[in-house]
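Engineer: Let me begin by handing over the structure; questions about it come next.
Numbering (this note's numbering), first residue to last: 2 to 159.
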């Protein structure tokens, strides 16, 4: 079940294409059981779902990670990038195109005086707006990098 974020249906299609491609190359990735995407009407709005085959394994809590786990994760990411070199990016948005609007919303939010005051008084912290602006600038510059490839965000979240 997916959130009802903007353009989520296309995101599901893109994620399914990437994971199915990786699985076709022998990478241990989820695969769709059916290419259809189901729309479910709920009281909080429409939600979308896609059905995947079972991928065995278990989640390791962050505090349980060992040096060996981290090395294996690095190897898996290296293998994933190697396989994804052959994936035709096509209409999949670039990283910067995905995250620039998020950073813009963050900057607008953290610029609000009441938000700044609440953070300072309740948490004793200030938002580093200069860092957000620097990240936006970096994302803009990264658009010029040649030979970009997709990154499967579910792998990053997992």
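Glycine included, C-beta positions come from ideal geometry on N, C-alpha and C. Please read all numbers here as calculations on a predicted model, not as lab measurements.
Am I right that residue 49 and residue 10 are in contact with their C-beta atoms under 8 Å? What's the rounded C-beta distance?
Structural biologist: The residue you call residue 49 lines up with position 48 of the chain shown. The residue you call residue 10 lines up with position 9 of the chain shown. Going by Cβ atoms, the distance from residue 49 to residue 10 rounds to 6 Å, so yes, they are a contact pair.
Engineer: Is residue 67 a contact residue of the ligand SAH, with contact defined as CB to any heavy atom under 7 Å?
Structural biologist: With respect to the ligand SAH, the structure offers nothing, as it holds no ligand at all.
Engineer: DSSP puts residue 66 in a beta bridge; with which residues?
Structural biologist: Within the chain shown, residue 66 is the residue found at index 65, counting from 1. Residue 66 pairs with nothing; no bridge assigned.
Engineer: Sort 123, 15 and 6 by Cα distance to residue 92 and report the nearest one.
Structural biologist: Looking up residue 92 in the chain shown gives position 91. Answer by Cα proximity: 15.
Engineer: Is the beta carbon of residue 1 sitting closer than 8 Å to the one on residue 111?
Structural biologist: Nothing in the structure corresponds to residue 1, since the chain is present only between 2 and 159.
Engineer: Which residues bound the beta strand (DSSP E) around residue 40?
Structural biologist: The residue you call residue 40 lines up with position 39 of the chain shown. The continuous beta strand (DSSP E) containing residue 40 extends over residues 39-43.
Engineer: If you draw a straight line from the C-alpha of residue 64 to the C-alpha of residue 100, how long is it?
Structural biologist: Taking the first residue of the chain shown as 1, we reach residue 64 at position 63. Taking the first residue of the chain shown as 1, we reach residue 100 at position 99. Computed Cα separation, rounded: 28 Å.
Engineer: Considering only their Cβ atoms, is the gap separating residue 88 from residue 19 smaller than 8 Å?
Structural biologist: Your numbering for residue 19 matches position 18 in the chain shown. Your numbering for residue 88 matches position 87 in the chain shown. Their beta carbons are under 8 Å apart, which means residue 19 touches residue 88 by this criterion.
Engineer: Which one of 133, 102 and 84 has the shortest CA to CA distance from residue 21?
Structural biologist: If you number the chain shown from 1, residue 21 lands on position 20. The shortest C-alpha separation from residue 21 is found at 84.
Engineer: Is it a yes or a no for the stretch 109-127 touching the stretch 40-59, going by three-plus beta-carbon pairs under 8 Å?
Structural biologist: no
Engineer: For residue 23, count neighbouring Cβ atoms within 10 angstroms of its own Cβ and tell me buried if that reaches 16, exposed if not.
Structural biologist: Here the question's residue 23 lines up with position 22 in the chain shown. With 16 or more other Cβ atoms within 10 Å, it is buried.
Engineer: Ends of the alpha helix (DSSP H) at residue 88?
Structural biologist: Residue 88 sits at position 87 when you count from the first residue of the chain shown. It is not in any alpha helix (DSSP H) - residue 88 carries neither H nor E in the DSSP assignment.
Engineer: Kindly indicate which three-state DSSP category residue 49 falls into: helix, strand or coil?
Structural biologist: Taking the first residue of the chain shown as 1, we reach residue 49 at position 48. Correct three-state label for residue 49: strand.
Engineer: Taking the DSSP output, what are the residues bridged to residue 33?
Structural biologist: Within the chain shown, residue 33 is the residue found at index 32, counting from 1. BP columns for residue 33 point to 53.
Engineer: In chain order, what residues of the same chain have a beta carbon less than 7 Å from the beta carbon of residue 151, not counting five sequence neighbours either side?
Structural biologist: As a position in the chain shown, residue 151 is number 150, starting the count at 1. If we look at residue 151 and ignore the five residues flanking it on each side, its Cβ neighbours are 19, 85, 88, 90 and 93.
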